[in-house]
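These protein sequence lines are chains A and B, in that order.
Those letters in the first sequence? Residues 96 to 437, per our numbering, in order.
Those letters in the second sequence? Residues 96 to 437, per our numbering, in order.
Glycine included, every Cβ here is placed at the ideal spot set by N, Cα and C.
First up is the structure itself, then whatever we jot down about it.
Protein chains: 2
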Amino acid sequence: MTTTTLNDIARQAGVSPQTVARVLSGTNKENRPSSIERAQKIRELARQLNYRPNAAARAMNNRQTQNIGVLVAASHSDPFTANSAYFFILGVNDVLEAAGYITSVVRVDEVEHQLDIRSRAAQEVVFDGVIAVGSIPVRLRDDIESMFGNVIWLDTNVDLARRCLIRHELNVGRMIGQTIIERGYKRALWVGRMNPSPTAHHSHQDRYAGLQQALATSDVTLDHLPSIGQWQDHMREEFKSYLGPETAVVANETNCAQLTIRGGMSLGLQPGQDYGLVACDMTPNVLSVWPDITHMTYDRYDAGRQAAKMMLEQISESDQACHSQQLESQWCEGRTLPTRHI
Amino acid sequence: MTTTTLNDIARQAGVSPQTVARVLSGTNKENRPSSIERAQKIRELARQLNYRPNAAARAMNNRQTQNIGVLVAASHSDPFTANSAYFFILGVNDVLEAAGYITSVVRVDEVEHQLDIRSRAAQEVVFDGVIAVGSIPVRLRDDIESMFGNVIWLDTNVDLARRCLIRHELNVGRMIGQTIIERGYKRALWVGRMNPSPTAHHSHQDRYAGLQQALATSDVTLDHLPSIGQWQDHMREEFKSYLGPETAVVANETNCAQLTIRGGMSLGLQPGQDYGLVACDMTPNVLSVWPDITHMTYDRYDAGRQAAKMMLEQISESDQACHSQQLESQWCEGRTLPTRHI
DNA sequence: CTGAAAGCGCTTACAG
DNA sequence: CTGAAAGCGCTTACAG
């Protein structure tokens, strides 16, 4: 696979490489018959020889690689977050590819509180900028910024006045709590991680805190089913002591919602009918099976697009503002948290 | 963000750029006190100035970008295949990053039977090779190969003697069929798309064909529930007429398995207890809720790793073999397809 | 061991 | 409009 260069075409066409470049970029005026003919010959040669410009050479001249990296936490290979990461990436790519940028994936880890990037991106100047997504530890912020210069923080724990897209999940917890009160439930059951590690994504604690705040003003009690991960048969008994018509289950992640449904099912109980269920988050594949689940959601694909736009802004007007933005969650009514008729 | 170059360091150290390059690459012998001292000075400067080599310049010399693209079908933004694509990508990246390559994502579409790539990767020489995954239309094969030169086909419909990793899903259908017979079920219910479009992934028809073949030798009847996608309430009635202790449901995709479970649940039926259920495929996030589901599976992360290894092989020994390989699915016993005690 | 020279493929700026 | 010159940042090959 030897690629053909501008010089190859120039030689065969009997002109200078600059002329070839001009013809192929459309910069040349083609007014005289002779120049039109020559231009056609050049284009024909380019086609025949399957010419495509060399990105590296272009990059050297422009001092721009036109490559953007998406930094995903190593934990994103775990099933619970894999989906979100991918939709972020697709959204980012959607905007970037239209702007002539290529989107690369870089795995980021934390080892002994130190940034650990095995990718060549850590050794060489490869990217014009980097979008960090999800549960990347805040501690790595300075290292990442000094390594890559241009960084956009997309739904991470990093919360600055600029260059961040942040979810305000406190509101999610509050809104869910208020709705539970309004609809006449007597108890709420939080299903999700209880004491997440300090490096965990802030949304977990935020949601719980918001829920707690909202319920504090009422006489709705708040219990929790901790350490939910993979289904285990003993969960059946735990759900048994909680699920009932007066209970609204608040599922932190879609995984928790599904485990609840499974637990209920093993007891012959259905969400929305025999107990209330509301999920703090949603993913498309769970939604295809449970389109009627009551939940809050936000569009990760679209969030990815926003982050990419921010990045492009930052690249073009390098010392400009680029203010942080909130990512808003939407309430989806569904049918699993009906008003209780007492 | 002006990056510092080899020349910057050379100037400040009072030596030639070549010497800096040699010191930083460790090529230089440091035997005399004077050269040791100078080397330390150079390293110190590099550190202070945050020097990292320019990938584009390196690429020009080596005639290698050290970038590999992963081609995903545009349909991979749909929830049913998004997960698999992401695990493929992570697996690919796992091997590639260790070899100094960067993994980029490129969306591929088919418009009027023509290859449609918006990415800059279609205009410029950006990649040393490309790994095409999933449901990329076979029709685009020639276009993709002539555009990118080095192509590995990972779990696509492309089936050649070389450069392909192929799933042999006929066996999956057969094995499931045989097991259903052996375990004493009277009827099988195929849940999945029935007449997939010719561009759909071959696994769908293969599995069904295999199942059909296996059951043909027995008196187990085979029904199907077509056009499964998102849950709709009328599905309840459809499942009602099929689910029962003599029935083994064969779910084509995890989505189908979950819809079946939901359908059964609405009738008060549980898989493995009130009817048999076996899934032709699995994903980690479904498995976390249903670790006990009987299914066939194959490891997409690992398949991605294999594909990346093939790619590296092909790059190094360019005219060598690189024979195609089969991706084998594993049987996972679970508890939802018990032997019927008659 | 060291540095001057040339080149990777392209672009920008400048003479003709 | 056209092409010779110089340069992007690095590496390879060669004299000193």
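Residue nearest to residue i in terms of C-alpha spacing, selected from the options
i: ILE212/B; options: GLU192/A, ASP250/A, SER230/A, ARG357/A; result: GLU192/A
i: PRO379/B; options: GLY109/A, ASP173/A, VAL384/A, ALA150/A; result: ASP173/A
i: ILE197/B; options: VAL201/A, ALA283/A, PHE334/A, HIS418/A; result: VAL201/A
i: LYS270/B; options: VAL118/B, ALA152/B, THR98/B, VAL373/B; result: The amino acid occupying residue 270/B in the given sequence is Met; Lys does not appear at that position. Measuring from the Cα of MET270/B, the nearest candidate turns out to be VAL373/B.
i: ASN178/A; options: VAL165/A, CYS351/A, GLU205/A, VAL381/A; result: VAL381/A
i: ARG278/A; options: HIS418/A, THR176/A, ARG430/A, THR114/A; result: ARG430/A
i: GLN325/B; options: GLY358/B, VAL344/B, HIS297/B, TYR303/B; result: GLY358/B
i: GLN159/A; options: SER199/A, ALA134/A, VAL221/A; result: VAL221/A
i: GLN273/B; options: ALA256/B, LEU255/B, GLY305/B; result: GLY305/B
i: ARG142/B; options: ILE410/B, ARG395/B, LEU119/B, VAL267/B; result: LEU119/B
i: ARG282/A; options: ALA311/A, ARG288/A, ARG302/A; result: ALA311/A
i: VAL286/B; options: HIS436/B, PHE334/B, MET360/B; result: PHE334/B
i: SER336/B; options: PRO112/B, THR251/B, ALA180/B, HIS319/B; result: HIS319/B
i: ILE323/B; options: GLY339/B, PRO112/B, ASN347/B; result: ASN347/B
i: PRO80/A; options: ASP103/A, GLN218/A, ASP254/A, ALA216/A; result: Because chain A in this structure spans residues 96 to 437, residue 80/A falls outside the shown range and cannot be described.
i: ASP204/B; options: LEU166/B, LEU284/B, THR349/B; result: LEU166/B
i: ASN252/A; options: MET242/A, SER298/A, VAL267/A; result: SER298/A
i: VAL384/A; options: SER170/B, SER361/B, VAL206/B; result: SER361/B
Sheet register partners of residue i (DSSP bridge)
i: VAL203/A; result: ALA168/A
i: ALA154/A; result: ALA154/A pairs with nothing; no bridge assigned.
i: LEU422/A; result: ARG262/A
i: CYS427/A; result: HIS390/A
i: TYR370/B; result: PRO366/B
i: LEU185/A; result: LEU185/A pairs with nothing; no bridge assigned.
i: ARG257/B; result: HIS418/B
i: ASN149/A; result: VAL220/B
i: THR198/B; result: VAL200/A, ILE163/B
Simplified DSSP assignment, three categories, for residue i
i: ILE436/A; result: One detail in the question is off: residue 436/A reads as His in this sequence, not Ile. The answer is coil: DSSP assigns HIS436/A none of H, G, I, E or B.
i: VAL221/A; result: coil
i: VAL286/A; result: strand
i: ASP301/A; result: helix
i: VAL315/B; result: coil
i: ARG395/B; result: helix
i: ASN162/A; result: strand
i: GLN143/A; result: helix
i: ARG278/B; result: coil
i: ILE323/B; result: coil
i: ASP238/A; result: helix
i: ALA343/B; result: strand
i: LEU338/B; result: coil
i: ASP211/A; result: strand
i: ASN245/B; result: coil
i: ILE271/A; result: helix
i: VAL228/B; result: strand
i: THR349/A; result: helix
i: ASN123/B; result: coil
Residue environment, residue i, which counts as buried when at least 16 other CB atoms sit within 10 Å
i: GLN425/B; result: exposed
i: THR434/B; result: exposed
i: ILE388/A; result: buried
i: ALA398/A; result: buried
i: GLU132/A; result: exposed
i: GLN161/B; result: buried
i: PRO366/A; result: buried
i: PRO439/B; result: As shown, chain B starts at 96 and ends at 437. That puts residue 439/B outside it, with no answer to give.
i: ASP314/A; result: exposed
i: ARG127/A; result: exposed
i: GLY363/B; result: exposed
i: ASN188/B; result: buried
i: GLN135/A; result: exposed
i: SER241/A; result: exposed
i: SER199/A; result: buried
*With 7 Å as the C-beta to C-beta threshold (strictly closer), list the residues of the region 198-219 of chain A near chain B in chain order.*
THR198, SER199, VAL200, ARG202, ARG213, SER214, ARG215, ALA216, GLN218, GLU219
*Anything in the region 218-233 of chain B with a Cβ closer than 8 Å to a Cβ of chain A? List those residues in chain order, please.*
GLN218, GLU219, VAL220, VAL221
*Using a beta-carbon distance cut-off of less than 9 Å, what residues from the region 363-391 of chain A approach chain B?*
GLY363, GLN365, THR378, PRO379, ASN380, VAL381, LEU382, SER383, VAL384, TRP385, PRO386, ASP387
*Give the residues from the region 309-341 of chain B that approach chain A closer than 9 Å (Cβ to any Cβ), ordered along the chain.*
GLY324, GLN325, TRP326, GLN327, ASP328
_Residues of the region 100-127 of chain B whose Cβ lies closer than 7 Å to any Cβ of chain A, in chain order_ = none
_Output needed in chain order: residues of the region 135-156 of chain B with a Cβ under 8 Å from some Cβ in chain A._
ASN145, ARG147, PRO148, ASN149, ALA150, ALA151, ALA152, ARG153, ALA154, MET155
*Of the residues that make up the region 275-292 of chain B, which ones have a beta carbon closer than 7 Å to any beta carbon in chain A?*
none
*Listed in chain order, which residues of the region 343-361 of chain A have Cβ atoms closer than 9 Å to some Cβ of chain B?*
THR349, ASN350, GLN353, LEU354, ILE356, ARG357, GLY359, MET360, SER361
*Which residues, taken in chain order from the region 246-265 of chain B, show a beta carbon closer than 8 Å to some beta carbon of chain A?*
none
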